[in-house]
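Q: Heads up, the sequence shown is in this note's numbering, so the first residue is 704 and it goes up one at a time.
By construction, the Cβ of each residue, glycine as well, lies at the ideal position given by its N, Cα and C atoms.
Before I ask anything, let me first share the structure, which is written out below as structure tokens.
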Amino acid sequence: GAGSIASARAAFNLTREYVMERKVFGKPLCKMQNTEFKMAEMDTEIDIMQVYIDHCVELHNQGKLTPNMGAKCKLQATEIEWRMLDLGVQLHGGAGYMMEYPISYMFTSARINRILAGSSEIMKYIIGREIFTDKYSSIFD
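Here it is, written out as structure tokens:
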């Protein structure tokens, strides 16, 4: 989880720098409403996930982290990473598909994160099977 969210933040920063410099139709790409909205969504998701990861680290250090919480962390962190890298490639345009650009390398390298140590579907299974048991607890319990 922590590595994936760090990758998402790095991709966000690379993309932010790129869209601030890139001009489209005579103005910076960062001034386009779609770019602002998409980047705002990703910035928010990355920040929220970082808070959850920090919480999970605290619980782990106290011996209280459950498999369900760990699965939620892994699922969301890798999915957010993937969405941010996909957006980064998209906003880089054709350059985002060229391996000379770090965003392209990060995109291809990160795909495995949604598979290794349990695919996203396995994480959903772990989370889902506990929801309907007496052991279920949320982050608010």
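Identify, in the order they occur along the chain, each residue of the same chain with its Cβ nearer than 8 Å to the Cβ of E782, setting aside the five sequence neighbours on each side.
A: Start at 1 with the first residue of the sequence shown, and residue 782 comes out as number 79. Once the five neighbours on either side are set aside, the close Cβ partners of E782 are R817, S823.
Q: Alpha carbon to alpha carbon, how far is A713 from F835? Give it in angstroms, no decimals.
A: Locating residue 835 in the sequence shown gives position 132, counting from the first residue. Locating residue 713 in the sequence shown gives position 10, counting from the first residue. Using only the alpha carbons, I get a separation of about 37 Å.
Q: Using a Cβ-Cβ cut-off of 8 Å (strictly less than) and excluding sequence neighbours within five positions of I830, which residues of its own chain qualify?
A: The sequence position of residue 830 within the sequence shown is 127, counting from 1. These residues qualify, in order along the chain: N771, A774, K775, L778.
Q: Going by CA-CA distance only, name the one from M809, D837, E724 that's closest to G706.
A: On the sequence shown, residue 706 is found 3 positions in, with the first residue counted as 1. Among M809, D837, E724, the Cα nearest to that of G706 belongs to M809.
Q: Just to confirm before moving on: does the CB-CB distance between I842 and L717 stay below 7 Å?
A: Residue numbering aside, residue 842 sits at position 139 when the sequence shown is read from its first letter. Residue numbering aside, residue 717 sits at position 14 when the sequence shown is read from its first letter. No, Cβ-Cβ distance for I842 and L717 is not below 7 Å.
Q: Between the Cα of M723 and the Cα atoms of L794, T747, K827, which residue gives the shortest distance?
A: Counting from 1 along the sequence shown, the entry for residue 723 is found at position 20. The option with the nearest alpha carbon to M723 is L794.
Q: Take Y755 as the anchor and find which of M826, L768, G797 has the nearest alpha-carbon.
A: As a first step, residue 755 must be located in the sequence shown, where it is residue number 52. For Y755, the nearest C-alpha among the options comes from L768.
Q: Give me the Cβ distance between F715 and I749, rounded to the nearest whole Å; I'm assuming they're in contact under 8 Å.
A: In the sequence shown, counting from the first residue as 1, residue 715 sits at position 12. In the sequence shown, counting from the first residue as 1, residue 749 sits at position 46. About 6 Å separates the beta carbons of F715 and I749, which is inside the 8 Å limit, making them a contact pair.
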